[in-house]
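Written below as structure tokens is the structure these notes are about.
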Amino acid sequence: MALLDLIKQRKSVRRFLDWPVEREKIMMCLEAARAAPSACNSQPWRFIVVDDPELKNRLCERAFHGLYFINAFCKKAPVIVVIISEKGRFLARIGGMFRGTRYYLIDIGIAGEHLVLQAEEMGLGTCWIGWFNESAVKKALSIPKDKKIDVLIALGYYDKKKMKSTRDREPLEKVASFNAY
Ligand SMILES: Cc1cc2nc3c(=O)[nH]c(=O)nc-3n(C[C@H](O)[C@H](O)[C@H](O)COP(=O)(O)O)c2cc1C
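Letter 140 of the sequence shown, counting from 1, is numbered 122 in this note's numbering, and no numbers are missing.
Structure representation (structure tokens):
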């Protein structure tokens, strides 16, 4: 499939099929993420794939409890990818402070979207998750307290026929222009 078609086909999946995801496919998603560019080639990420059903259930029970209940649909996702935002290279951090730009978040976003698009290409659906109980995730996976988890990605097979059309996007002329603002 042409890249633009794949990009347009991708939608956030919030209803997953109860099928396990093959480790080989998960590895390809991780490879796609690993190949992402990053400021100063800093690679400020670490991915923890949670595909053990018991652990995943425990994690989801805690991470999407209370205030975070809106994302309880993740309990049905067979895989949760936890992206830890690592410190990255000194130069990228100093440069980021100087510019007032959190390069590591840009880096994480690119790597995560690589993962998402690779998944889509293999028939797997994903949903970025930014609203979750971070300390609960850390506890469930023994992640040190001083680490930062900005996002998770829910991953699993889905029924393409049951997908609604994607959310509207702003018209191109509103978000892009040539040669001037
Ligand atoms: C950084 C980030 C965080 C997000 N967090 C959530 C979330 O917590 N829960 C959720 O259901 N969707 C979440 N989304 C998905 C967006 O709602 C979704 O991408 C957007 O509405 C566009 O819809 P589409 O992905 O189907 O094209 C998140 C997306 C991004 C990029």
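A virtual CB, placed ideally from N, CA and C, is assigned to each residue, including glycine.
State yes or no: is the beta carbon of residue i nearer than 9 Å to at least one beta carbon in chain D?
i	result
Glu6	Judged by its chain identifiers, the structure shown contains no chain D, having just a single protein chain.
Have a look at the options and flag the residue whose alpha-carbon is nearest the alpha-carbon of residue i.
i	options	result
Val63	Ala21, Leu123, Asp89	Leu123
Leu73	Pro26, Leu12, Met10, Ile111	Pro26
Lys38	Leu134, Ala93, Lys129	Leu134
Ala93	Leu(-15), Met10, Ala15, Glu36	Ala15
Ser(-6)	Ile131, Leu137, Met10	Leu137
Arg84	Phe46, Ser20, Pro60	Ser20
Asp132	Arg81, Ser159, Pro126, Ile111	Ile111
Arg(-4)	Glu155, Gly48, Met(-17), Cys56	Cys56
Ile125	Phe160, Ile65, Phe46	Ile65
Ala18	Glu95, Asp128, Glu36	Glu95
Considering only residues of the same chain and omitting the five flanking positions on each side of residue i, which have a CB-CB separation below 8 Å?
i	result
Trp113	Tyr50, Ile52, Asn53
Arg5	Asp33
Arg44	Asn115, Ala118, Val119, Lys121, Ala122
Leu12	Phe29, Val31, Leu97
Val61	Val3, Ile8, Val31, Val32, Asp33, Lys38, Ala136, Leu137, Gly138
Trp1	Pro60, Gly138, Tyr139
Met(-17)	Gln(-9), Glu103
Per the DSSP calculation, residue i is bridged to which residue(s)?
i	result
Phe29	Ile65
Tyr139	Leu106
Leu(-15)	Bridge partners of Leu(-15): none, in fact.
Lys130	Ser67
Ser(-6)	Thr108
Who are the Cβ neighbours of residue i in its own chain at under 7 Å, not counting the five residues just before and after it?
i	result
Arg75	Lys69
Leu(-12)	Leu99, Glu102, Glu103
Ala59	Phe(-2), Ala136, Leu137, Gly138
Arg40	Ala122
Whose C-beta lies closer than 6 Å to the C-beta of residue i among residues of the same chain, with five residues either side of it excluded?
i	result
Arg71	Cys22, Ser24
Lys(-10)	none
Cys42	Cys56, Lys57
- prompt: Do three or more CB pairs link the stretch 86 to 96 to the stretch 145 to 153 at distances below 8 Å?
  reply: no
task: Determine, using beta-carbon pairs with one atom in the stretch 131 to 145 and one in the stretch 101 to 121, whether at least three such pairs fall under 8 Å.
output: yes
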